[in-house]
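Under numbering that gives the first Met the number 0, the residues of the sequence shown are numbered 0 to 742, in order.
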Amino acid sequence: MKWWKVVLVVVALAALFSVGIILGHFAIPKKADQPESTGPPSPSQDLDPELLKTVMGQLDANRIQENLRELSLKPHLATSPRDEELVRLLLQRWQDPESGLDTATRGEYEVLLSFPSNEQPNTVQVVNPVGNILFSARKSEEDLTGEQGDTNVVQPYAAYAPPGAPQGPLVYANRGTESDYAYLESQGINLNGTIALTRYGGAGRGAKAVNGAKHGVIGLLVYTDPRDINDNLRFPNETFPHSWAMPPSGVERGSYYKHFGDPLTPYFPATPSAFRLETADIQGFPPIPTQPIGFEDAQVLLCNLQGPVAPESWQGALGCVYRLGSGFQSNGTFSQASEVKVTVHNQLERRNSSNVLGIIRGAVEPDRYVLYGNHRDSWVHGAVDPSSGTAVLLEISRVLGTLVKKGKWRPRRSIVFASWGAEEFGLIGSTEFTEEFFTKLQERAVAYINVDIAVFANATLRAQGTPPAQSVIFSAAKQVPAPGKSSLTVYDNWLQHSNRSSSAHGVIPSLGSLGSGSDYAAFVHFLGITSMDIAYTYDRSKTSARIYPTYHTAFDTFEYVEKFLDPGFTSHQAVAQTAANILLRLSDSLLLPFSIGDYSETLRSFLQAAQNAFLGQQNINLGPLVSAVERFERAVAELEKRIEALQSLSDPLQVRMVNDQLMLLERAFLNPRAFPEEYYYSHVLWGPRTSNVTTFPGLANAYDEALKMPDDPSTWAKVKKQLSIAVMAVEGAAATLEPVAQF
């Protein structure tokens, strides 16, 4: 090649190189324009405190308010057209190209629900001996604000109560507990063929009917007494819309099914191929026709009763002396021979109900799931229950989804947002989900966060959870300012309202335990997943209300929330910030932020309660339980030392092994034989407890039954069996925490 050709090639290459540099300079964004993080987190990367601040700062009270306005615009009973509209709304939000999640899907289940008849409304009447109607209770609530008159407002009814038209003399049975009915009989009142009027509270809805039927009651009425819900307020001018109190016509709807999940498919997901029971074989439906009524109608019935005066603890706030019955006074509104007739036309229907799932994939551990859920369906407009929680859920998912779509963040572990269907009928959507994905969830689920009713009122945080969740809830609450109290955190404010003395931590906020009141039930009792439920609530020193007064009524509307529960939506924002903080700690922390030592305190208190109660009874030897608890305490102490050492290491396998031990601890307390007569209850520590002894519930319940029949050896055998179940659970939990190669 000639020399001038060589010069031309060199010059051309230099020019191309220069152009490349120039193009690269202008093509690469400036540092200020770059995403905060463009790649996945490293295996050893821990939670970013700045991320927590960013997320909490972006959670907007105004957006939550607008979410709630839209969600509660119309009644959205499970499987109704409006419920389907909300399914599509959630899918649209979670598939949004700018603020959506990685994936959003719906899952359908064909489940058995219960509805009143549109053509034949349920009725409650007082009739004379020849059948003339002397009184009829309201078939619907009074239209006070325009929303109650919506044609889609379902009439008050007791879901799953059977149809029928029983008629008989009325008795007042207080709260419908077994002891309440027994007391009536002790007063010489014959319950056979009677209609029982009971108050909400004290016993589960369905239990009131079951207990009454055992004593010969043929029909049940249930009302909410102003003493229990309204701090004695009962007149129209002092209740909603003039205050937060339930108006006289308000009626609490609800499910009267004893168990949770689809009634036709216990332990099977309600998919097309599932085995289904015959309707006659379903266990847990109320055995007698049942109908809820408002307290203005209950007043007419109760204040005309004859018979002995009810005990002081049975008296309420309806402005008269409560009597037991049976039957009416001869000098009252009705004749002495008048009876109450309860006509119920409820129908069972198989319907398709949907769950909606939105997922953010984890970058390092995509096979570990942190779940955050709430149900979508309501009895009527459901502004508080459940839409306050869904309004918060949508705002959290918007903020996190936006970060993901912009490439600024991706969690270490996968986050699963869930909107459950048909919860009000018995936690159906969430239970079917746990049945369908049983194995996957047991192997991979880290925790379940439930925010159902986000705001009962605006005084203080209320949290419930299993012991490992306590520390992460506390850590989050310490970083959120209490609404309206700039000098206090949510934690400080909570501590002032509700606290307890802890042997390990001193004075701390009170963390409640989890029963079966919302969608966390299947996760903790059936799957053994560390779970929690978070809400803002009222000051119990200022009200005796057992729940917010318009619960499950047609008065639970957006206006009710905006005017009485949370003006400005600052409590909703505080719940969102607390829940999002917890969610990020669980999904992004290198080591799971579970304090297993808090289970040591629980087990020690259970042991001490058992020792105090069972001392010297029938040669019951608690020695093995003492040894099991001591072994658990040693295992906790040793694992905590290993965790301290791990914090300075970056071995991903070691971190993974320890995290699995922390994650699986809750599963170790499962035993499907612990509560053989209760569907889904397998958690030995948190199962249903009928005893007043705060110890292992199966053990406490068996001990109480044995005391009733102390000469029956079989009852004491059940106590010893439950003791073995408790020992086995604690030993298994200890083994879970011990070094993984150790047996």
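Yeah, the Cβ is synthetic: ideal placement off N, Cα and C, and Gly gets one too.
Here DSSP, grouped into helix, strand and coil, assigns L112 to strand. According to DSSP, residue pairing for S586 in a beta bridge does not occur. The alpha-carbon of G253 is positioned some 50 Å away from that of Q741.
Taking C-beta separations shorter than 7 Å and ignoring five residues to either side along the sequence, the partners of A634 in its chain run A733, L736, E737, following chain order.
No Cβ-Cβ contact shorter than 8 Å links S98 with Y159. In this structure Y447 is not in contact with F473, their Cβ atoms being roughly 18 Å apart against a cut-off of 8 Å. Beta-bridge partners of V129 (DSSP): none assigned.
Shown here, L621 sits in coil according to DSSP, grouped into three states, outside any helix or strand.
Note that the C-beta distance between R360 and S418 is not below 8 Å. Contact between the region 435-451 and the region 494-510 is not established, with fewer than three Cβ pairs separated by less than 8 Å.
Comparing alpha-carbon positions, the option among P687, G167, P592 lying closest to S470 turns out to be P592.
Under the 8 Å Cβ criterion, the region 180-190 does not count as touching the region 348-366, having fewer than three qualifying pairs.
When the beta-carbon positions are compared, G686 and Y680 come within less than 8 Å of each other. P365 sits away from S586, with the two beta carbons spaced by 8 Å or more.
The straight-line gap separating the alpha-carbon atoms of A309 and Y171 is approximately 8 Å. Sequence-distant partners of D82 (beyond 5 residues in either direction) whose C-beta falls short of 6 Å from its own C-beta, in its chain, are H75, D376.
Closest by C-alpha distance to S242, out of S396, P285, E561, L494, is E561. For R275, the closest alpha carbon among the candidates P262, T459, G283 is that of P262. Residue burial annotation: M245 is buried, with at least 16 other C-beta atoms found within 10 angstroms of its C-beta.
Short of 8 Å from the beta carbon of D101, and not among the five residues preceding or following it, lie these beta carbons of its own chain, in chain order: I358, I359, R360, V403. Taking a C-beta distance under 8 Å as the contact criterion, E251 and T552 qualify as a contact pair. In this structure, V445 is the residue among K719, I528, V445 with its C-alpha nearest to the C-alpha of S413.
For secondary structure counted as the alpha helix (DSSP H) over 4 or more consecutive residues, the region 547-602 holds these complete runs in sequence order: 569-587. By the Cβ rule, the region 375-395 counts as touching the region 142-155, because three or more pairs are nearer than 8 Å. In the DSSP assignment, L392 falls within the unbroken alpha helix (DSSP H) covering 387-404. Beta-carbon to beta-carbon, F631 and S604 are separated by about 13 Å, too far to satisfy the 8 Å threshold.
Sequence-distant Cβ neighbours of V369 in its own chain, meaning closer than 6 Å and more than five residues away, are R412, I414, V445, A446, L585, S586. Between E140 and G315, the C-beta gap is not smaller than 8 Å, which leaves the two residues out of contact. Distance from the CA of G200 to the CA of S178, rounded to the nearest whole angstrom, comes to 14 Å. About 26 Å separates the beta carbon of G326 from that of Y255, a gap too long to meet the 8 Å contact definition. Going by DSSP, M656 is part of the alpha helix (DSSP H) stretching over 651-663. By alpha-carbon distance to P466, the top candidate from L494, T438, D532, L85 is D532. In the structure shown, E637 adopts helical secondary structure according to DSSP, grouped into three states. Here K207 carries a helix assignment [DSSP, helix/strand/coil]. Excluding five sequence positions before and after S329, the CB atoms of its chain that fall closer than 6 Å to its own CB belong to Q335, given in chain order.
Looking at the DSSP output, G372 bridges to A417, N449.
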